[in-house]
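J.: Residue numbers (the working numbering): 41 to 367.
From the three backbone atoms N, C-alpha and C, an ideal C-beta is built for every residue, glycine too.
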Amino acid sequence: MKAASLGQLEDFLGSVRQEYEVVVPVALSDGTVSMGSPDEGKLSLTGRRTAARPASVFFPHCDRVLIISSSDEMSLPAAPAKPLLVVGLRAPDLDCLEFTDNFFNCGYRDDLYFSRRQSAVVVGLSGRCTEDGGFSRICGGKCDLELVCDGEVFYCVAYSGRGRKLEEKIEGSLRQGLPVELTEESESLSVEGEELLRKTAELLAGRKVPDHYWAELAERCIECTGCNLVCPTCTCFEVYDRDYNGQTVRSRLWDSCQLSGYAREASGFNPMGAQMSRTRRRLHHKLVDDPRRWGVISCFLCGRCDEICPTGIGIMAVSREIVDRFG
41 MKAASLGQLE DFLGSVRQEY EVVVPVALSD GTVSMGSPDE GKLSLTGRRT
91 AARPASVFFP HCDRVLIISS SDEMSLPAAP AKPLLVVGLR APDLDCLEFT
141 DNFFNCGYRD DLYFSRRQSA VVVGLSGRCT EDGGFSRICG GKCDLELVCD
191 GEVFYCVAYS GRGRKLEEKI EGSLRQGLPV ELTEESESLS VEGEELLRKT
241 AELLAGRKVP DHYWAELAER CIECTGCNLV CPTCTCFEVY DRDYNGQTVR
291 SRLWDSCQLS GYAREASGFN PMGAQMSRTR RRLHHKLVDD PRRWGVISCF
341 LCGRCDEICP TGIGIMAVSR EIVDRFG
């Protein structure tokens with residue numbers, strides 16, 4: 041195992057750009073952190089987490105599906121010229137990525153998603169790397185290589201052949217293993233959020249939350265769709281065709297279950313025309329429906345929806361209200 045400084049990691053990332061399309065957390069001029077090329081801003085491995093969903097690297101907001109020429113010849117998007125090297129996903133992000141992988145691999149395998157994902161190398165980030173100097177849970181897998189920060193250096197932990205290949209290219213000092221205090225600190229982190237979601241899921245499944253509560257909540261929703269746009273496990277999209285320079289271009293675009301037209305049918309009937317129904321669905325889907333289908337609650341406590349919601353009805357805030365009022 042190696043331990044590398046931030047400078048050594050920057051040198052490493054620069055050295056592999058001919059082999060990989062490198063995507064890292066970069067600090068933008070407005071203070072936000074976004075996934076992007078190292079040319080787009082300063083590398084940000086400690087401090088604020090990325091605001092957007094990390095899976096957008098593999099499942100972009102708008103993605104071209106196919107092109108039909110004027111002579112009715114069809115062409116598919118070209119495969120990426122280089123594999124992706126995605127750096128900086130924290131433990132909740134990796135849990136979300138695993139869920140998204142399973143979603144796009146279920147039934148009909150999504151070739152567009154896996155054209156980027158299958159060859160990608162994913163590097164996790166953990167340890168003393170959060171904005172307030174706190175501790176981010178050690179990933180312990182679900183990635184090819186993990187960078188565990190002790191506040192000064194990053195311990196490089198490889199979990200796959202791809203990860204070991206990268207670790208060999210990093211300049212750093214050899215270490216015997218992770219310091220025990222880092223492992224103990226990770227294991228001591230509270231699971232309060234998981235327990236809160238579990239209690240909320242039980243109340244929803246048991247029909248303990250009355251309709252009037254969802255009506256109250258709907259009054260606070262302004263349909264900005266921020267919760268869906270930042271959620272790492274939201275996978276809904278719509279498909280549309282457009283004429284462009286004599287060609288038909290088919291694209292897919294993220295959709296939101298909070299919009300009034302989300303479930304509207306061709307007949308005009310809309311089973312979720314009321315905002316109350318859509319607000320209820322947002323929580324019920326992740327806390328009740330997904331566990332029935334996938335075996336897990338599909339909120340992995342990344343905290344993005346609670347941070348982005350302008351009216352304070354992110355999934356954790358609403359879960360606290362539900363448990364306090366109806367638990």
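Restricting to Cα atoms, I'd like to know which of L152, G128 and N142 is closest to P117.
T.: Translated into positions along the sequence shown, residue 117 becomes position 77. Of the candidates L152, G128 and N142, the one whose C-alpha sits nearest the C-alpha of P117 is L152.
J.: To the nearest angstrom, how far is it from the Cα of V62 to the Cα of V161?
T.: On the sequence shown, residue 62 is found 22 positions in, with the first residue counted as 1. On the sequence shown, residue 161 is found 121 positions in, with the first residue counted as 1. Answer to the nearest angstrom: the Cα atoms are 10 Å apart.
J.: Where does F277 sit, in a helix, a strand or coil, going by DSSP?
T.: Within the sequence shown, residue 277 is the residue found at index 237, counting from 1. Per DSSP, reduced to three states, the secondary structure at F277 is strand.
J.: From which residue to which residue does the alpha helix (DSSP H) around R238 run?
T.: Within the sequence shown, residue 238 is the residue found at index 198, counting from 1. Counting along the chain, the alpha helix (DSSP H) containing R238 begins and ends at E232 to A245.
J.: Specify the secondary structure class of D70 as computed by DSSP and reduced to three states.
T.: The residue labelled residue 70 in the question sits at position 30 within the sequence shown. It is coil, neither helix nor strand.
J.: Whose C-alpha, out of V336, D184, V328 and D190, is nearest the C-alpha of L206?
T.: Position 166 of the sequence shown, counted from the first residue, corresponds to residue 206. Nearest of V336, D184, V328 and D190 to L206, Cα basis: D184.
J.: Decide if M312 is buried, meaning its Cβ has at least 16 other Cβ atoms within 10 Å, or exposed.
T.: Here the question's residue 312 lines up with position 272 in the sequence shown. Answer is buried; the Cβ neighbour count reaches 16.
J.: Using a 10 Å radius around the Cβ and a threshold of 16 neighbouring Cβ atoms, would you call A131 buried or exposed?
T.: What you label residue 131 is simply residue 91 of the sequence shown in a count that begins at 1. Buried, by the Cβ-count rule.
J.: So, does the stretch 289-305 touch the stretch 94-102, judging by three or more C-beta pairs under 8 Å?
T.: Yes, since at least three Cβ pairs between the stretch 289-305 and the stretch 94-102 fall closer than 8 Å, the two stretches touch.
J.: Helix, strand or coil: how does DSSP classify L229 here?
T.: One-based indexing of the sequence shown puts residue 229 at position 189. The answer is coil: DSSP assigns L229 none of H, G, I, E or B.
J.: If you count every other CB in all the chains shown that lies within 10 Å of the CB of G246, and 16 or more means buried, which is it?
T.: As a working mapping, residue 246 is identified with position 206 in the sequence shown. G246 comes out exposed.
J.: Can you find the residues in the same chain that come closer than 8 Å, C-beta to C-beta, to A258, ignoring five residues on each side of it along the sequence?
T.: Counting from one through the sequence shown, the residue named residue 258 turns up at place 218. Only A314, Q315, M316, R318 and T319 meet the Cβ criterion.
J.: In the DSSP assignment, find the alpha helix (DSSP H) that holds V270 and state where it starts and stops.
T.: Taking the sequence shown and counting its residues from 1, the one referred to as residue 270 is at position 230. Unbroken alpha helix (DSSP H) run through V270: G266 to V270.
J.: Among residues of its own chain, excluding the 5 on either side of V249, which ones have a beta-carbon nearer than 7 Å to its beta-carbon?
T.: Here residue 249 is taken as the residue at index 209 of the sequence shown, counted from 1. Excluding sequence positions up to five before and after V249, its CB lies within less than 7 Å of the CB of L243, I362 and F366, all in the same chain and listed in chain order.
J.: For Y284, count neighbouring C-beta atoms within 10 Å of its own C-beta (all shown protein chains included) and say buried if the count is 16 or more, exposed if not.
T.: Against the sequence shown, residue 284 aligns to sequence position 244. Per the 10 Å Cβ criterion, exposed.
J.: When DSSP labels each residue in this structure, what does P65 get in the three-state scheme?
T.: Working through the sequence shown from its first residue, we reach residue 65 at position 25. P65 falls in the strand class under three-state DSSP.
J.: Can you give me the Cβ contacts of G203 inside the same chain, cut-off strictly under 6 Å, excluding the 5 residues immediately before and after it?
T.: Your numbering for residue 203 matches position 163 in the sequence shown. Result list for G203: D184 and L185, in chain order.
J.: Could you work out which residue in V289, C274, A43 and C189 is closest to L327 when comparing CA atoms only?
T.: Within the sequence shown, the letter at position 287 stands for residue 327. Considering only alpha carbons, the answer is C274.
J.: I need the DSSP call for Q48, collapsed to helix, strand or coil.
T.: Position 8 of the sequence shown, counted from the first residue, corresponds to residue 48. Helix at Q48.
J.: Which residues in the same chain have their Cβ closer than 7 Å to the Cβ of R168, if we skip the five residues on either side of it in sequence?
T.: Counted from its first residue, the sequence shown places residue 168 at position 128. Closer than 7 Å at the Cβ level, and outside the excluded window around R168, lie F175, C189, D190 and G191.
J.: Determine, using beta carbons only, whether L134 and K182 come nearer to each other than 8 Å.
T.: The residue labelled residue 134 in the question sits at position 94 within the sequence shown. The residue labelled residue 182 in the question sits at position 142 within the sequence shown. A contact, by the Cβ cut-off of 8 Å.
J.: In terms of residues, what are the limits of the alpha helix (DSSP H) holding G212?
T.: Sequence index remark: in the sequence shown, residue 212 carries index 172 (1-based). It is not in any alpha helix (DSSP H) - G212 carries neither H nor E in the DSSP assignment.
J.: Can you grab the Cα-Cα spacing for the pair C271 / I355, in whole Å?
T.: As a first step, residue 271 must be located in the sequence shown, where it is residue number 231. As a first step, residue 355 must be located in the sequence shown, where it is residue number 315. Computed Cα separation, rounded: 10 Å.
J.: Figure out for me which residue from Q48, L83 and R104 has the closest Cα to the Cα of E278.
T.: Here residue 278 refers to the residue found at position 238 of the sequence shown. From the listed residues Q48, L83 and R104, the smallest Cα separation to E278 is found for R104.
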